[in-house]
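Engineer: Take 1 as the starting number for the sequence shown in UniProt numbering and just add one per residue.
We put the CB at the ideal spot given by N, CA and C, even for glycine.
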Amino acid sequence: MAKDYYGILGVSREATDDEIKRAYRKLARQYHPDVNPDPEAHNKFKEINAAYEVLSDDQKRQIVDLGGDPLAPGGGMPGGAGGAGPFVGFQDIMDAFFGTAAGGGSRGPRPRTRPGADAILRLELDLVETAFGVEAPITVDTAVLCTQCSGAGTAPGTHLATCEVCAGRGEVQSVQRTFLGQVVSSRPCQNCQGHGTVIPTPCPTCAGDGRIRTRRSLTVKIPAGVEDGMRIRLAQQGEVGPGGGTAGDLYVEIHERPHDVYSRKGDDLHCRVTLPMTAAALGTRMTIKTLDGEENIEVKPGTQPASTLRIRGKGVPHLRGQGRGELFVHLDVKTPTKLTADQERMLREFAKTRGEDVAELSKQGGFFSRMRDAFNGH
Ligand SMILES: [Zn+2]
Ligand SMILES: [Zn+2]
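1. Quick one: any contact between the segment 221–235 and the segment 186–202, if contact means 3 or more CB pairs under 8 angstroms?
2. At a cut of 8 angstroms, does the segment 273–283 reach the segment 249–262 through at least three beta carbon pairs?
3. Alpha carbon to alpha carbon, how far is K265 from G75? Give it in angstroms, no decimals.
4. Helix, strand or coil for G104, going by three-state DSSP, please let me know.
5. If you reduce the DSSP assignment to three classes, tell me which class F328 lands in.
6. In this structure, does DSSP put E295 in helix, strand or coil?
7. Can you determine whether any heavy atom of ligand 3 sits closer than 6 angstroms to the C-beta of V165, and answer yes or no?
8. List the whole-angstrom C-beta distance separating G238 from D118, where the pair is believed to meet the contact cut-off of C-beta under 8 angstroms.
9. Buried or exposed for F98, please, with buried defined as at least 16 other CB atoms from any protein chain shown within 10 angstroms of its CB.
10. Which same chain residues end up closer than 8 angstroms to I20 when comparing Cβ atoms and leaving out the 5 residues on each side of it in sequence?
11. What does the alpha-carbon distance come out to for the pair A279 and R285?
12. Under 7 angstroms between the Cβ atoms of P109 and G245?
13. Tell me whether T113, by its Cβ, gets closer than 6 angstroms to a heavy atom of ligand 2.
14. On a CA-only basis, which of L319, L145, G302, V35 is nearest M230? Give me that one, please.
15. Can you say whether N49 is buried or exposed, counting buried as having 16 or more other CB atoms within 10 angstroms of its CB?
16. Who are the near neighbours of V128 in its chain, counting only those whose CB is closer than 7 angstroms to its CB and skipping five residues on each side?
17. Touching or not, the segment 128–148 and the segment 174–186, by the rule of three or more beta carbon pairs under 8 angstroms?
18. Using only CA atoms, which one of V240, L269, G210 lies nearest to E227?
19. Whole angstroms is fine: what's the gap from D260's alpha carbon to P301's?
20. Tell me which residue opens and which closes the alpha helix (DSSP H) that H42 is part of.
21. Rounded to whole angstroms, what is the Cα-Cα separation between L145 and T201?
22. To which residues of the same chain is G305 closer than 6 angstroms at the C-beta, ignoring the five residues directly before and after it?
23. DSSP on K314, reduced to helix/strand/coil?
24. Can you tell me which of the three DSSP states D18 falls into?
25. Helix, strand or coil for residue 382, going by three-state DSSP, please let me know.
26. Checking the sheet assignment: what are the DSSP bridge partners for K265?
27. Would you identify the three-state DSSP class for P336, choosing helix, strand or coil?
28. Can you tell me whether A341 is buried or exposed, with buried defined as 16 or more other CB within 10 angstroms of its CB?
29. Could you please give the first and the last residue of the uninterrupted beta strand (DSSP E) stretch that includes E253?
30. State yes or no: is the C-beta of A235 within less than 7 angstroms of the C-beta of G116?
31. Just verifying my parser: in three-state terms, what is the DSSP assignment at V64?
32. Residues bridged to T214 by DSSP?
33. Does any heavy atom of ligand 1 sit closer than 6 angstroms to the C-beta of C189?
34. Please report how far the alpha carbon of E164 lies from the alpha carbon of Q173, in whole angstroms.
35. What is the rounded straight-line gap between the Cα of D209 and the Cα of S217?
36. With DSSP as the reference, label V128 as helix, strand or coil.
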């Protein structure tokens, strides 16, 4: 089911580009995490951005009108534009706030509450875990909301006070005389770091930051078929922002430990099995280990060195959709390096029955000289 992008922005399907832009700006001002600390607002803001990204792009909007979802994994429609993830240009966000192009001018006090940063964590997994999925315990080291002050930064029973230096404006102006005349410049107030307010009595737990660093234990659900380097996103499990701002996301990056038997290429697995010369000639049955347990395979008589056997469906499950990759067994045929006198005699007998004239190393002549003689017409 495709998302209702028109509904998210509250515009009709016939809306003009201008109407879409106006609706987006209005909602973005309302739900921006800087002005709306409610965690729900953070999600809503992301949703609004995604809807605007789609509806402001003719190609993506067309996909929506055809019933697809251009932001869905895999692109939504056959031949449609790929899903690039919700991203709206910085300029659009600035426009939403200041009405016109950003840059210069006064912006007023900086909010104390700001959104937190994303965090990333590396998770090492075995092949069996990436293949079949696992619920892995992780330890996360991030800033979390200070529970004593709920992010306000003030000690219990105390409040923020208006900054006396800037009178709450968050910035101070200075006038400089230059040879061009008077130049008025404004800069953030040093006394309040541009917030316009100060904390007379900081919260003893977080020292006024509204957040504290702590170590948490979480369980992350790894789906079957993930690959080395992939990232799993845990929404709002990243760093809590200053002033208790909405947490960023936590990305868990998968690192697959090398396996001692299998090497992985995509969803296919490869392994090597050494086979004695006699077994390759006569054919044999053998038992090999797969990810699912033991498997009996048959080696056909007359198997040549560097042959490959393919075992269907014994590779890694596909991450999206059904089915699995294959298991390729590469056969190395091993020639005996040392023979007893008896074995040598039997092997020479064997060669003779096949009409293969194998010269003895201790005697003159041999296979190569006979070849040359044959070419010279002897
Ligand atoms: Zn100030
Ligand atoms: Zn606190």
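Structural biologist: According to the data block:
1. no
2. no
3. Working through the sequence shown from its first residue, we reach residue 75 at position 75. Working through the sequence shown from its first residue, we reach residue 265 at position 265. Confidence at G75 is low in this model, with a pLDDT of 43, below 50, so its placement is unreliable and no value can be given for it.
4. Numbered from its first residue, the sequence shown carries residue 104 at position 104. Caution is warranted here: a pLDDT of 42 is assigned to G104, below 50, making its placement in the model unreliable, and no coordinate value can be reported.
5. Translated into positions along the sequence shown, residue 328 becomes position 328. F328 falls in the strand class under three-state DSSP.
6. Here residue 295 corresponds to residue number 295 of the sequence shown, with the count starting at 1. It is a strand residue.
7. No copy of ligand 3 occurs in the structure displayed; its ligands are ligand 1 and ligand 2 alone.
8. One-based indexing of the sequence shown puts residue 238 at position 238. One-based indexing of the sequence shown puts residue 118 at position 118. Correct: roughly 5 angstroms between the Cβ atoms.
9. Taking the first residue of the sequence shown as 1, we reach residue 98 at position 98. Per-residue confidence for F98 stands at a pLDDT of 41, beneath the threshold of 50, marking its modelled position as unreliable; the derived number appears in the next sentence. When all chains shown are included, F98 counts as exposed.
10. Position 20 of the sequence shown, counting from 1, holds the residue named residue 20. Within the same chain, I20 has close Cβ partners L9, V11, Y52, L55, S56.
11. Taking the first residue of the sequence shown as position 1, residue 279 is located at position 279. Taking the first residue of the sequence shown as position 1, residue 285 is located at position 285. Each residue's alpha carbon lies about 9 angstroms from the other.
12. In the sequence shown, counting from the first residue as 1, residue 109 sits at position 109. In the sequence shown, counting from the first residue as 1, residue 245 sits at position 245. Cβ atoms of P109 and G245: not closer than 7 angstroms.
13. Within the sequence shown, the letter at position 113 stands for residue 113. The answer is no for T113.
14. Locating residue 230 in the sequence shown gives position 230, counting from the first residue. Comparing Cα-Cα distances from M230 to each of L319, L145, G302, V35, the minimum goes to L319.
15. Here residue 49 refers to the residue found at position 49 when the sequence shown is read from its first residue. Buried: at least 16 other Cβ atoms inside 10 Å.
16. As a first step, residue 128 must be located in the sequence shown, where it is residue number 128. Answer for V128: L291, listed in chain order.
17. no
18. Locating residue 227 in the sequence shown gives position 227, counting from the first residue. Selected option, being the one with the closest Cα: L269.
19. Counted from its first residue, the sequence shown places residue 260 at position 260. Counted from its first residue, the sequence shown places residue 301 at position 301. Looking at the two C-alpha atoms, the distance is approximately 29 angstroms.
20. In the sequence shown, the residue the question calls residue 42 occupies position 42. Per DSSP, H42 belongs to the alpha helix (DSSP H) from 39–55.
21. Here residue 145 is taken as the residue at index 145 of the sequence shown, counted from 1. Here residue 201 is taken as the residue at index 201 of the sequence shown, counted from 1. Answer to the nearest angstrom: the Cα atoms are 18 angstroms apart.
22. By 1-based counting over the sequence shown, the position of residue 305 is 305. Residue 305 is actually Pro in this sequence, not Gly. These residues qualify, in order along the chain: V333.
23. Counting from one through the sequence shown, the residue named residue 314 turns up at place 314. In this structure, K314 counts as coil in the three-state DSSP scheme.
24. Taking the first residue of the sequence shown as 1, we reach residue 18 at position 18. Looking at D18 - three-state DSSP - the assignment turns out to be helix.
25. One cannot answer for residue 382 here, as it falls past the ends of the chain, which runs 1 to 378.
26. Position 265 of the sequence shown, counting from 1, holds the residue named residue 265. DSSP, once it has assigned bridges, lists D268 as partnering K265.
27. The residue you call residue 336 lines up with position 336 of the sequence shown. Coil at P336, not helix or strand.
28. Residue numbering aside, residue 341 sits at position 341 when the sequence shown is read from its first letter. When all chains shown are included, A341 counts as exposed.
29. Start at 1 with the first residue of the sequence shown, and residue 253 comes out as number 253. E253 -> beta strand (DSSP E) spans 250–256.
30. Working through the sequence shown from its first residue, we reach residue 235 at position 235. Working through the sequence shown from its first residue, we reach residue 116 at position 116. The answer is no: Cβ separation not under 7 angstroms.
31. In the sequence shown, counting from the first residue as 1, residue 64 sits at position 64. Helix.
32. As a working mapping, residue 214 is identified with position 214 in the sequence shown. The partner list for T214 (beta bridge, DSSP) reads T142.
33. Working through the sequence shown from its first residue, we reach residue 189 at position 189. The answer is yes for C189.
34. Taking the sequence shown and counting its residues from 1, the one referred to as residue 164 is at position 164. Taking the sequence shown and counting its residues from 1, the one referred to as residue 173 is at position 173. Distance between the alpha carbons of E164 and Q173: 14 angstroms.
35. Taking the first residue of the sequence shown as position 1, residue 209 is located at position 209. Taking the first residue of the sequence shown as position 1, residue 217 is located at position 217. For D209 and S217, the distance between alpha carbons rounds to 23 angstroms.
36. On the sequence shown, residue 128 is found 128 positions in, with the first residue counted as 1. Note: V128 maps to helix in three-state DSSP.
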